[in-house]
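Asker: Heads up, the sequence shown is in numbering that gives the first Met the number 0, so the first residue is 0 and it goes up one at a time.
Heads up, the beta-carbon is just placed ideally off N, CA and C, and yes, glycines get one too.
Every value quoted in this text rests on a predicted model; they were computed, and no experiment measured them.
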Amino acid sequence: MPPTYYDDDLRLAHVLADAVERVTMARFRAEDLVVESKPDLTPVTDADRDAEEHIRAQLKRTRPRDAVEGEEFDTTGHGPRRWVIDPIDGTKNFVRGVPVWATLIALVDDRRPVVGLVSAPALGRRWWAAAGSGAYTGRSLSSAKPIRVSQVSAIEDASLSYASTGSWRAVGRYDEFLSLAETCWRSRAYGDFWSYMLVAEGAVDIATEPDLAVYDMAALVPIVTEAGGRFTSLDGRDGCWGGNALATNGLLHEEVLGRIGTG
0 MPPTYYDDDL
10 RLAHVLADAV
20 ERVTMARFRA
30 EDLVVESKPD
40 LTPVTDADRD
50 AEEHIRAQLK
60 RTRPRDAVEG
70 EEFDTTGHGP
80 RRWVIDPIDG
90 TKNFVRGVPV
100 WATLIALVDD
110 RRPVVGLVSA
120 PALGRRWWAA
130 AGSGAYTGRS
140 LSSAKPIRVS
150 QVSAIEDASL
160 SYASTGSWRA
170 VGRYDEFLSL
180 AETCWRSRAY
190 GDFWSYMLVA
200 EGAVDIATEP
210 DLAVYDMAAL
220 VPIVTEAGGR
230 FTSLDGRDGC
240 WGGNALATNG
250 LLHEEVLGRI
260 GTG
């Protein structure tokens, strides 16, 4: 991996992931797992809160000047550097014992996601990137394998991944999404973080969701873009600030935006 300005931050992200995996895996499929509903009726578990608290405590010790934003607790701190955390992306899978869930750890510097790490311990997978370094997968920095998006250039040859069809109906883009899915060579609901990591690996060519929070996306952006792909909102804005996401291998991006975009 080439050295970058954010090497120390990337190493810290791995240390955080190593530590939080012990918290989340200890609660995965636990018989006494406590599941509650948040005000938006999405589930939250004691594992979500414990994992985020664990990360926040380590960041308070190691990066006391940085802000921290997470899914379960209020943002702390100020300044241009902000860690953005989703302790368990895919909580519904976690609750049901499905191993497709992950901890997302990102560093945003001056509103630019510059470090991203996705740790999916139940799958035995981890993906990461820092600005200027390329994107990688492996169990640790020492076992890094570079990843790259596909070279598929026609929608008819493309593989599409999404989370659900109902979410597109809710935003009034159901017909447009269904038309895209029917045009693609293959469509599957891998869902959540995994859709975007499959784009970064070149196994999937398009991943999209119409309703996402910053903490759902910040860690994904550097991985997709450093792998050679493109990550925007549905109105074409680069990054994780538009409330939704489209990630592609880059070659397909403008055509997909033309089909399902809101710009």
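1. Could you pull out every unbroken alpha helix (DSSP H) segment of at least 4 residues lying fully inside the segment 88 to 164, listed in chain order?
2. Taking the alpha-carbon positions, what's the Leu40 to Asp108 distance?
3. When DSSP labels each residue in this structure, what does Asp237 get in the three-state scheme?
4. Whether or not the segment 191 to 206 and the segment 157 to 165 are in contact is what I'm after, with contact meaning three or more pairs of Cβ atoms, one per stretch, closer than 8 angstroms; do they touch?
5. Could you give the DSSP three-state label for Leu179: helix, strand or coil?
6. Nearest CA to the CA of Ile205: which residue from Ile222, Asp85 and Asn248?
7. Let me confirm a value: Pro2 is counted as buried when at least 16 other C-beta atoms fall within 10 Å, else exposed. Which label applies?
8. Return yes when the Cβ of Pro145 is within less than 7 angstroms of the Cβ of Pro221, no when it is not.
9. Are Gly228 and Ala246 close, meaning C-beta to C-beta below 7 angstroms?
10. Output the residue ranges of the beta strand (DSSP E) runs that lie fully inside the segment 180 to 229 and measure 3 residues or longer, sorted by chain position.
11. By the three-class DSSP mapping on this structure, what secondary structure does Ala246 have?
12. Go to Ala56, then tell me how far its alpha helix (DSSP H) extends in each direction, as first and last residue.
13. Considering Cα atoms alone, identify which of Arg60, Cys239, Val97 and Arg258 is closest to Tyr173.
14. DSSP three-state call for Thr3: helix, strand or coil?
15. Under a three-way DSSP split, which group does Thr231 fall into?
16. How is the beta strand (DSSP E) around Gly69 delimited, first residue to last?
17. Which residue from Thr90, Leu58, Ile87 and Lys91 puts its Cα closest to that of Thr75?
18. According to DSSP, what are the bridge partners of Val75?
19. With which residues is Ile84 paired in a DSSP beta bridge?
20. Could you compute how far the alpha carbon of Leu103 sits from the alpha carbon of Gly238?
21. Which of the three DSSP states, helix, strand or coil, is assigned to Ala18?
Answerer: From the atom records:
1. 90 to 95
2. Low confidence applies here, because Leu40 scores a pLDDT of 46, under 50, leaving its location unreliable; read the following figure in that light. Each residue's Cα considered, the two are about 32 angstroms apart.
3. strand
4. yes
5. helix
6. Asn248
7. exposed
8. no
9. yes
10. 185 to 187 and 205 to 208
11. strand
12. Asp45 to Thr61
13. Arg258
14. coil
15. strand
16. Ala66 to Gly69
17. Leu58
18. The sequence given here has Thr at residue 75, not Val. Val67.
19. Gly69 and Ile104
20. 16 angstroms
21. helix
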